[in-house]
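Engineer: This is the structure I have questions about; it appears just below.
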Amino acid sequence: MKGLAFYGQTGKFEWRMGATVLGGQSIAVFFGALVARGIGASRGDTAAGTYLLVGSALAVLCIVAAGLMRRPFGVTLGWLVQVATFLSAFVVPAMLVVGMVFTALWVGCLWQGHRIDALQAQWAADQEEEREDGLGAERHTDHGPGASGAGR
Numbered sequence: 031m032k033g034l035a036f037y038g039q040t041g042k043f044e045w046r047m048g049a050t051v052l053g054g055q056s057i058a059v060f061f062g063a064l065v066a067r068g069i070g071a072s073r074g075d076t077a078a079g080t081y082l083l084v085g086s087a088l089a090v091l092c093i094v095a096a097g098l099m100r101r102p103f104g105v106t107l108g109w110l111v112q113v114a115t116f117l118s119a120f121v122v123p124a125m126l127v128v129g130m131v132f133t134a135l136w137v138g139c140l141w142q143g144h145r146i147d148a149l150q151a152q153w154a155a156d157q158e159e160e161r162e163d164g165l166g167a168e169r170h171t172d173h174g175p176g177a178s179g180a181g182r
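Each residue of the sequence shown is one higher than the one before, starting from 31 at the first, in my numbering.
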């Protein structure tokens, strides 16, 4: 896919969409951490608190990645969050579905965001070209005798 970035500067629309996905993902990941802790506690697992701590750290990482989407490494951090979400399925299998949904949203936002940024840049260039053409035409039109301003 041409518009799918793994590292580098993203366009304005692309980073906004990616940050929105990561913000929503942070909520789902935090709820997954709560589920992991609850399941672990009900089974008497001594790692129940660790599940909550690691899951909460991943939720915070989602928010940090959302904030860093303007930076070249923000996209890379977003991809790492996607991988970590899939890895959390080893503790809570339902996180596999969360990982698939948010990775699909992530890919869609990066791809469509890049496409929209390119369309907006093309539109802005066309508008600038039309404006310059309009100004050039006004300068070169003949307004009749004495249009040079000599008689004024």
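Here a beta-carbon is modelled for each residue, glycine too, at the ideal position from N, C-alpha and C. Just so we're clear, the structure is a prediction, and the values are computed from it rather than from any experiment.
Quick one: residues in its chain with C-beta nearer than 8 angstroms to the C-beta of residue 129, no 5 flanking neighbours on either side, listed in chain order?
Structural biologist: If we look at residue 129 and ignore the five residues flanking it on each side, its Cβ neighbours are 112, 115, 116, 118 and 119.
Engineer: Check residue 76 in the structure and name its three-state DSSP category.
Structural biologist: Three-state result, residue 76: coil.
Engineer: How big is the Cα-Cα spacing for residue 182 and residue 162?
Structural biologist: Reliability of the predicted coordinates at residue 182 is poor, the pLDDT of 48 falling under 50, and no value is obtained from them.
Engineer: Which residue wins for smallest C-alpha separation from residue 202, given the options 150, 158, 70 and 135?
Structural biologist: Any answer about residue 202 is impossible in this case: the structure gives the chain only from 31 up to 182.
Engineer: To the nearest angstrom, how far is the alpha carbon of residue 57 from that of residue 108?
Structural biologist: Whole-angstrom Cα-Cα distance: 15 angstroms.
Engineer: Which residue wins for smallest C-alpha separation from residue 67, given the options 59, 61 and 81?
Structural biologist: Taking only the C-alpha atoms, the option nearest residue 67 is 81.
Engineer: Does DSSP put residue 39 in a helix, a strand or coil?
Structural biologist: Here residue 39 sits in coil by DSSP.
Engineer: If I'm right that residue 106 touches residue 36 with Cβ under 8 angstroms, what's the distance once you round it to whole angstroms?
Structural biologist: Confirmed, about 6 angstroms.
Engineer: Should residue 70 be labelled buried (16 or more other beta-carbon atoms within 10 Å of its own) or exposed?
Structural biologist: Label assigned to residue 70: buried.
Engineer: For the segment 57-133, list the alpha helix (DSSP H) runs that are entirely contained and at least 4 residues long, ordered along the chain.
Structural biologist: Those alpha helix (DSSP H) runs which fall completely within the segment 57-133 and span 4+ residues are 78-97 and 104-117.
Engineer: Determine the burial state of residue 153: buried for a count of at least 16 other Cβ atoms within 10 Å of its Cβ, exposed for fewer.
Structural biologist: With fewer than 16 other Cβ atoms within 10 Å, it is exposed.
Engineer: With a CB to CB cut of under 8 angstroms and the five nearest residues on each side skipped, what residues in its chain are close to residue 48?
Structural biologist: Taken in chain order, the residues that qualify are 40, 96, 99, 104, 105, 108, 136, 139, 140 and 143.
Engineer: My assumption, with CB atoms under 8 angstroms, is that residue 122 sits in contact with residue 62. Please give the rounded CB distance.
Structural biologist: Right, their Cβ atoms sit about 5 angstroms apart.
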